[in-house]
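Quick mapping for you: the protein sequence lines, in order, are chains Z and C.
With the first letter of the first sequence counted as 1, position 238 gets the number 238 in UniProt numbering; the numbers rise by one all the way through.
With the first letter of the second sequence counted as 1, position 170 gets the number 170 in UniProt numbering; the numbers rise by one all the way through.
No residue lacks a Cβ here, since even glycine has one placed at the ideal position from N, Cα and C.
For clarity, every value in this text was computed on a predicted model and none was experimentally measured.
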Amino acid sequence: MTSTAPTDADVPSPVLDGPPERAPRRFSINLRQGGIYVAFGLIVVLFTILTDGALLQPQNISNIIVQNSYVLILAIGMILIIIAGHIDLSAGSVVALTGAICAVLTVNMGMPWPLAVLVTLVAGAAIGAWQGYWVAYFGIPAFIVTLAGMLVFRALTLTVLGNQGIGPFPDQIRTLSNGFIEGVLGNVGLGPLGGADLLTLLVGVVVVAGIAFTQWRSRKGRAGYGQTVDPFPIFVARIVAAALVVLAVIVQLARFKNLPWVLVLLAALVLGYSLLTNRAVFGRRIYAVGGNLQAATLSGVKVKSVTFWIFVNMGVLAALAGVIFAGRLNQAGPTAGNAFELDAIAAAFIGGAAVQGGVGKVVGAITGGLIMAVINNGMSLIGAPSERVMLVKGLVLLAAVAYDVWTKRRSGVRA
Amino acid sequence: MADDILRMRGITKTFPGVKALQDVALSVRRGEIHAICGENGAGKSTLMKVLSGVYPHGSYDGEITFEGEPCEFSGIHDSERRGIVIIHQELALCAQLSIAENLFLGNELSHRGLIDWNRTNHEAAALLERVGLKENPTTPVLDIGVGKQQLVEIAKALSKEVRLLILDEPTAALNDEDSAHLLDLLRGLREQGITCVIISHKLNEIAAIADSITILRDGRTIETLDMKVDDVTENRIISGMVGRDLSDRFPPHTPNIGDEVLRIEDWTVHSTTQRGRVVVSDANLVLRRGEIVGLAGLMGAGRTELAMSVFGRAYGTDISGRIFKNGQEISVRSVRDAIRHGIAYVTEDRKRYGLNLIEDIKRNVSAVGLGKLARRGWVNENEEHRVAEGFRRSMNIKAPGVATTTGTLSGGNQQKVVLSKWIFTDPDVLILDEPTRGIDVGAKYEIYSIVNKLADEGKAVLVISSELPELLGLCDRIYALSAGHVTGEVDRAEATQERLMQYMTKGQE
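This is how it looks when you write it as structure tokens:
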């Protein structure tokens, strides 16, 4: 009983790797990354139709931004933590505690507002350092550390506030949370659209010019290195599309009051943190730690230090959100920030973060947050009861992650 | 021929980038012990996974007939229902559960939804007796040794009324006594009419126990030998497995050896998991510029532990000894220290310790040397792309581009990415731990060429390998390690497998 054997002349040919036939896979990856933006666009269109256009009215756009700014700020911090493979359940309690600290400093102690905000941010950093220490250097899972933090910081909030709200806040802090940039250049007429603030419009033009310039420079740089770049018409089309979206939002805002200060702040944060995650060595380290902790360790990454600092960062951003939230309500309350961490976590996962870590984008988390914001706002505009809003948000979160898992399985990444 | 319990015909299984099996045939007679031999990566485990349904019907080509009926298993449950049970290299037992609980896991003896513990423990005891294991069925599995755990696995298979038992490297982790006991047990099972397929690297065991042998090489069936008819010797099997001279498998290389680069003196390392256990004891090693040095040793000899402890104490506690670089003593207390001193360590387990599998080639290549691509903490992504693209070409990494996720690459190409990552740091000393593990033959040759080139560039290379032919074909000098001690040092000219094996098995008082 002998089995098949190759003839002796048959020189043992090594089993070579097949030709790379992976074009479809690349496409599906792009689809996955782009899916979230497409979904956002569809949800906006859907609610625009359902609300007879009320969703995109100038005042409503402004409301969506101002009402959700603190969750979006938290989402930026949260996505970094989730990329590193951790979680923060304490963010809402930290928002409450830092809001209370800011209130005590400004209202009770009469500290000048810039100093008070600075001290509050430092307090946030200290809170983050406390949690980061236990997670990074002591090795307790972040889930436990921040669950404990959720209780501890809520308890401290109640201790500081004595179970009652403190207010009112100085005008400057309220302006930061609720106010608009002053229209020092006056209004211009936009024909059928009515009057609009000139300064805001100019800012919009500058932003669009900035986008176009940086995109063009990046494209030139890549081409200079001999990398393939998108065909020129597609490149232009993308910039025009981005410019139209930005300008549409800007025009609506200009028609209402002006640019909200929180939008300026948020834009700066998104830009800064996107750069940090994409381009900075520190940002790359976060992905390395979350993608494969052991490999990162053996590559000389200071994994403990990275983990520590992203928690410090989260503390600072939570403090910022705490100040803005308290300023918006004009009072620091004991129940402030309740369940904010869940909204921030949901935003990160809807925005494409992976539960195992290593994956995620700041812009994705912001988009995820905006998807929930639009659902919230749109459903309340059409008079849906809050339990139904909650139901839809829950299902959207599940669907987003299910889609993510499905695409990953289909692309067949061997782990 | 008519009495074949199992026939596999024309089995072809492809992974992205690699043909793991090509038109493989396997026939097993009823009631025999059938051995499957082949080098690492020859396709033995893949074939068994096809048979047991781990790779479901449809994911491979070819046909399987078991007891005369065609099989189309869609999962391991289907094959187990037909009486085919596979015991994997890594045992699949729940350490915290008792022996009895493990035996009936997924197949619990219950009455109206409640587990009948008396019956469970009673039947477990009967099964343990069949495999000759004298342990209380209520003992947690973690409290018994690996050899006994192996017996528990076999008892578990018996509880499922096994007709064909597949053992993947059953004795790899066992000592001689446990191995002998296991082989006796297999002979006993044969008398009870249970057919066995055994995958093993230990040719003496195969010669002692098998009735017939199928040899795989590079994903193909080479031949099937009948122990009674054919005149089978170990050399006969080896020539079938290897199939060609060593000279063909290794690129020619003329070493150009210079001064000493790294010297390790009196290096002692204690285990991180077992308190007080010495894993490396008073080791002394010297690496020279342009030299490829081998480190041979059996499993558990402490090769990886030695390498990783030198690499910035990435392994071990209570480490003592001195490291000299270019004659100067250096302090290497962290991985960052090691990298700063020009030491690179390419891990034996690239998926767990070497790569970020969800990131692309570019970002893996730059992971260690990112500082070289950054100014004031900001990465120049264009430069990063250029560097990665350069490695993709020079290392012949088969991927559409450097934006390809490393998780989708074949083993050989993944290994080239890990190598690129370390070469980019421009190290003076490269420690390569099992650099060709799980890589197909063609890619191995490429890796050897890369190692030679690194040595020609004046780097000192330390290669750790379980495959002696690899060390003999590649290295200029070889150290042998046994139970944590350096027991021998052989130059290329004097090195033979037998001599190395003597050193590697040399006992310590």
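Asked: Phe282 (chain Z) versus chain C: which residues are under 7 Å apart at the beta carbon?; Found: Gly377
Asked: So, using beta-carbon positions, are Ile296 (chain C) and Tyr448 (chain C) closer together than 9 Å?; Found: The sequence shown places Ala at residue 296 (chain C), not Ile. Not in contact: Ala296 (chain C) and Tyr448 (chain C) (Cβ atoms no closer than 9 Å).
Asked: So what's His77 (chain C) in DSSP terms, helix, strand or just coil?; Found: helix
Asked: Which value, in whole angstroms, describes the spacing of the CA atoms of Gly315 (chain Z) and Thr120 (chain Z)?; Found: 10 Å
Asked: Quick one: what does DSSP say Ile497 (chain C) is sitting in, helix, strand or coil?; Found: Going by the sequence as given, residue 497 (chain C) is Gln instead of Ile. The answer is helix: DSSP assigns Gln497 (chain C) an H, G or I state.
Asked: Secondary structure at His270 (chain C), three-state DSSP: helix, strand or coil?; Found: strand
Asked: Hey, how far is the Cα of Ile239 (chain Z) from the Cα of Gly294 (chain C)?; Found: 57 Å
Asked: Using a Cβ-Cβ cutoff of less than 8 Å, which residues in the same chain neighbour Gly10 (chain C) once the five nearest sequence positions on both sides are dropped?; Found: Asp23, Val24, Ala25, Asp61, Gly62 and Glu63
Asked: Taking the C-alpha atoms as reference points, what is the distance between Glu498 (chain C) and Leu128 (chain C)?; Found: 39 Å
Asked: Identify the continuous beta strand (DSSP E) that holds Val197 (chain C) and give its terminal residues.; Found: Thr195 to Ile199
Asked: Applying a beta-carbon distance threshold of less than 7 Å, which residues of chain C neighbour Ala288 (chain Z)?; Found: Asn356 and Ala367
Asked: Which full runs of the alpha helix (DSSP H) of 4+ residues lie inside the region 310 to 373 of chain Z, going along the chain?; Found: 340 to 350
Asked: Does the beta-carbon of Pro170 (chain C) have 16 or more other beta-carbons within 10 angstroms, so that it is buried, or is it exposed?; Found: buried
Asked: Would you grab the beta carbon distance between Phe424 (chain C) and Val461 (chain C) for me? Rounded to a whole angstrom, and I think it's under 8 Å.; Found: The pair is not a contact, with the Cβ atoms about 16 Å apart (cut-off 8 Å).
Asked: If the cut is a Cβ gap below 9 Å, which residues of chain Z does Leu151 (chain C) touch?; Found: Ordered by position in chain Z, no residue passes the 9 Å Cβ test against Leu151 (chain C), which lies about 32 Å from the chain.
Asked: Just how far apart, CA to CA, sit Val95 (chain Z) and Phe235 (chain Z)?; Found: 41 Å
Asked: Taking Cβ-Cβ distances below 7 Å as the criterion, which residues of the region 201 to 231 of chain Z are in contact with chain C?; Found: Gly221, Arg222, Tyr225 and Gln227
Asked: Are any of the Cβ atoms in chain Z nearer than 9 Å to that of Gly312 (chain C)?; Found: yes
Asked: Within 10 angstroms of its Cβ, does Asn364 (chain C) collect 16 or more other Cβ (buried), or is it exposed?; Found: buried
Asked: Which full runs of the alpha helix (DSSP H) of 4+ residues lie inside the region 411 to 445 of chain C, going along the chain?; Found: 411 to 423
Asked: Ile79 (chain Z) to Val374 (chain Z), Cα distance in whole Å?; Found: 20 Å
Asked: In the DSSP output, which residue or residues are listed as bridge partners for Phe88 (chain C)?; Found: This sequence places His at residue 88 (chain C); Phe is not what is there. Paired residue(s): none; His88 (chain C) is not in a bridge.
Asked: Could you check whether the Cβ of Leu370 (chain C) sits closer than 9 Å to any Cβ belonging to chain Z?; Found: yes
Asked: Excluding the 5 residues flanking Phe27 (chain Z) on each side, which residues of the same chain have their C-beta closer than 8 Å to its C-beta?; Found: Residue placement at Phe27 (chain Z) is poorly supported in this model, since its pLDDT is 41, which falls under 50; the coordinates still yield a value, given next. Answer for Phe27 (chain Z): no residue qualifies.
Asked: In whole angstroms, give me the CA-to-CA distance for Thr2 (chain Z) and Thr221 (chain C).; Found: Caution applies to Thr2 (chain Z), whose pLDDT of 39 falls short of 50 and renders its modelled position unreliable; the value that the coordinates give is listed next. Rounded to whole angstroms, Thr2 (chain Z) to Thr221 (chain C) spans 10 Å at the Cα level.
Asked: For the region 341 to 355 of chain C, which residues have a beta carbon sitting closer than 8 Å to at least one beta carbon of chain Z?; Found: Tyr345, Thr347, Lys351, Arg352, Tyr353, Gly354 and Leu355
Asked: Answer yes or no: does any C-beta atom of chain Z fall closer than 9 Å to that of Lys421 (chain C)?; Found: yes
Asked: Quick check on this structure: which residue in Z:Gly368, Z:Ile345, Z:Trp406 and Z:Arg410 has the alpha carbon closest to the alpha carbon of Ser90 (chain Z)?; Found: Z:Ile345
Asked: Compute the distance between the beta-carbons of residue 520 (chain C) and Trp267 (chain C), then report whether it is under 9 Å.; Found: There is simply no residue 520 (chain C) to check, as chain C begins at 1 and stops at 509 in what is shown.
Asked: Mind checking whether Asn292 (chain Z) and Tyr315 (chain C) have CB atoms under 9 Å apart?; Found: no
Asked: Thinking C-beta only, is Gly337 (chain Z) closer than 9 Å to Gly322 (chain Z)?; Found: yes
Asked: The beta strand (DSSP E) with Ser98 (chain C) in it runs from where to where?; Found: Here Ser98 (chain C) belongs to no beta strand (DSSP E), and DSSP marks it neither H nor E.
Asked: Please return the same chain residues whose Cβ sits closer than 6 Å to the Cβ of His34 (chain C), not counting the five positions on each side in sequence.; Found: Val28, Val197 and Ser212
Asked: If you measure from the beta carbon of Ile166 (chain C) to each beta carbon in chain Z, is any gap under 9 Å?; Found: no
Asked: In this structure, does DSSP put Leu80 (chain Z) in helix, strand or coil?; Found: helix
Asked: Quick one: which residues of the region 297 to 325 of chain Z get their C-beta closer than 9 Å to a C-beta of chain C? List them in chain order.; Found: Thr297, Leu298, Ser299, Gly300, Val301 and Lys302
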